[in-house]
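J.: Position one of the sequence shown corresponds to residue 48 (the working numbering), numbered consecutively onward.
In this text, a Cβ means the ideal position worked out from N, Cα and C, and glycines have one as well.
Please read all numbers here as calculations on a predicted model, not as lab measurements.
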Amino acid sequence: MRTVFQGHLLLFIWLINLNTIIMILPIIGYGDPVLRKVAEHVPADFPDLKETIVNMYETMYNANGVGLAAPQVGKAIRIFVIDTTPFSDDDDLDATEQKQLNGFKRTFINAKMIKEEGEEWCFNEGCLSIPDVREDVYRNPTITIEYCEEDFVMKTEVFDGLIARVIQHEYDHIEGILFTDKISSLKKRLIQKKLKNIIEGKTFQEYRMKFFGKKGR
Ligand SMILES: [Zn+2]
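(1) Helix, strand or coil for residue 172? Go by DSSP, reduced to three states.
(2) Which same chain residues, not among the five before or five after residue 48, have their C-beta less than 8 Å away from its C-beta?
(3) Count the other C-beta atoms from every protein chain shown that fall within 10 angstroms of the C-beta of residue 199, then say buried if there are 16 or more, exposed otherwise.
(4) Is residue 169 a contact residue of ligand 1, with contact defined as CB to any heavy atom under 6 Å?
(5) Under a three-way DSSP split, which group does residue 93 fall into?
(6) DSSP three-state label for residue 136, please.
(7) Counting only the same chain and skipping the five closest in sequence on each side, list residues whose C-beta sits under 7 Å from that of residue 113.
(8) Should residue 70 go down as buried or exposed, given a rule of 16 or more other Cβ atoms within 10 Å for buried?
(9) Go through its chain and collect everything with a Cβ distance to residue 223's Cβ below 8 Å, but skip five positions before and after it.
(10) Since I believe residue 181 is in contact with residue 167 (beta carbons under 8 Å), could you give me their beta-carbon distance rounded to a whole number of angstroms?
(11) Suppose only complete runs of 3+ residues qualify. What are the beta strand (DSSP E) ranges in the region 178–216, listed by chain order?
(12) Looking at C-beta atoms only, is the number of pairs between the region 235–250 and the region 186–197 that lie closer than 8 Å three or more?
(13) With DSSP run on the structure shown, which of helix, strand or coil describes residue 219?
(14) Exposed or buried, which one is residue 185 when buried takes at least 16 other CB atoms within 10 Å?
(15) Out of curiosity, what's the CA-to-CA distance linking residue 153 and residue 178?
(16) Between which residues of its own chain and residue 260 is the CB-CB distance below 8 Å, once the five residues before and five after are set aside?
(17) Quick check: what's the CA-CA separation for residue 257 versus residue 76?
(18) Between residue 74 and residue 175, is the Cβ-Cβ spacing less than 7 Å?
(19) From residue 207 to residue 148, what does the alpha carbon distance come to, in whole angstroms?
(20) Sort out for me which residues DSSP pairs residue 83 with in a bridge.
(21) What residues in its chain sit with their C-beta under 8 Å from that of residue 159, if we drop five residues either side in the sequence?
(22) Measuring only from the beta carbon, is residue 195 closer than 6 Å to any heavy atom that is part of ligand 1?
(23) Taking 7 Å as the cut-off, decide whether the C-beta atoms of residue 190 and residue 163 are in contact.
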């Protein structure tokens, strides 16, 4: 009897944990000042760190993204998560790169970009905080970055290709930079109206968002 009861109790606790831990968070839209802050260093005892990371992954998957930074869920802290698997079935890539992208899932805490090198290449980028806007962005192909994962052991690693590209985009977020800052002034003018609509929440996307300039929010 006692074991059955304990079993039920454990299941109950597990369900409560699931309910409290996994949450899809609203994604902060372009125009909110939190996206412009240089994010803060994360101490190992940061409250609800595990929950924050789990929620960030769930929020990213729910929006079909390949990366998400903490400021995009309203927290100006130096964390971003990446899973490049959706890029792995791109037929334009060679088999080696497809294999690298498939299952590349990584949490970056307190990242610091050490080096970006190689001849800049262009890729059409988008951002979950800036729905319906895509632009070509030039970046270096190879990066050296220092960061830690959830074990808080600092390491230095080199990445290239699309994985580096996603890391560069997310790293920019924790520095308060958006991909739209990196396009020509002509292109910036052309997307002004779209950006204004996003600030005011006049946009449609299939995931929950929070808009800075939406009346009655
Ligand atoms: Zn982004």
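T.: Reading off the structure:
(1) If you number the sequence shown from 1, residue 172 lands on position 125. Looking at residue 172 - three-state DSSP - the assignment turns out to be strand.
(2) Your numbering for residue 48 matches position 1 in the sequence shown. No answer about residue 48 holds up, because its pLDDT of 48 lies below 50 and its placement is not dependable.
(3) In the sequence shown, the residue the question calls residue 199 occupies position 152. Under this definition residue 199 is an exposed residue.
(4) Numbered from its first residue, the sequence shown carries residue 169 at position 122. Checking the Cβ of residue 169 against ligand 1 gives no.
(5) In the sequence shown, residue 93 corresponds to position 46, counting from 1. The answer is coil: DSSP assigns residue 93 none of H, G, I, E or B.
(6) Residue numbering aside, residue 136 sits at position 89 when the sequence shown is read from its first letter. Reduced to three states, the DSSP call for residue 136 is helix.
(7) The count along the sequence shown starts at 1 and reaches residue 113 at position 66. Excluding positions up to five away in sequence, the list reads 129, 130, 131, 133, 134 and 213.
(8) For the purposes of this step, residue 70 is taken as the residue at position 23 of the sequence shown. Exposed, because fewer than 16 other Cβ atoms sit within 10 Å of the Cβ of residue 70.
(9) What you label residue 223 is simply residue 176 of the sequence shown in a count that begins at 1. Contacts found: 82, 83, 84, 85, 86 and 118.
(10) For the purposes of this step, residue 167 is identified with residue 120 of the sequence shown, where counting begins at 1. For the purposes of this step, residue 181 is identified with residue 134 of the sequence shown, where counting begins at 1. Not confirmed; about 18 Å, so no contact.
(11) 189–195 and 201–207
(12) no
(13) If you number the sequence shown from 1, residue 219 lands on position 172. In this structure, residue 219 counts as helix in the three-state DSSP scheme.
(14) Along the sequence shown, read from residue 1 onward, the residue named residue 185 stands at position 138. Exposed: under 16 other Cβ atoms inside 10 Å.
(15) Taking the first residue of the sequence shown as 1, we reach residue 153 at position 106. Taking the first residue of the sequence shown as 1, we reach residue 178 at position 131. Answer to the nearest angstrom: the Cα atoms are 24 Å apart.
(16) Here the question's residue 260 lines up with position 213 in the sequence shown. 78, 246, 247 and 248.
(17) Residue numbering aside, residue 257 sits at position 210 when the sequence shown is read from its first letter. Residue numbering aside, residue 76 sits at position 29 when the sequence shown is read from its first letter. Computed Cα separation, rounded: 6 Å.
(18) Taking the first residue of the sequence shown as 1, we reach residue 74 at position 27. Taking the first residue of the sequence shown as 1, we reach residue 175 at position 128. Result yes, Cβ atoms of residue 74 and residue 175 sit closer than 7 Å.
(19) Position 160 of the sequence shown holds residue 207. Position 101 of the sequence shown holds residue 148. Cα to Cα, residue 207 sits roughly 11 Å from residue 148.
(20) Taking the sequence shown and counting its residues from 1, one reaches residue 83 at position 36. Answer is none; residue 83 lacks a bridge partner.
(21) Against the sequence shown, residue 159 aligns to sequence position 112. Taken in chain order, the residues that qualify are 192, 193 and 194.
(22) Counting from one through the sequence shown, the residue named residue 195 turns up at place 148. Outside the cutoff, so no.
(23) Within the sequence shown, numbered from 1, the residue matching residue 190 stands at position 143. Within the sequence shown, numbered from 1, the residue matching residue 163 stands at position 116. It is a contact, given that the beta carbons lie within the stated cut-off.
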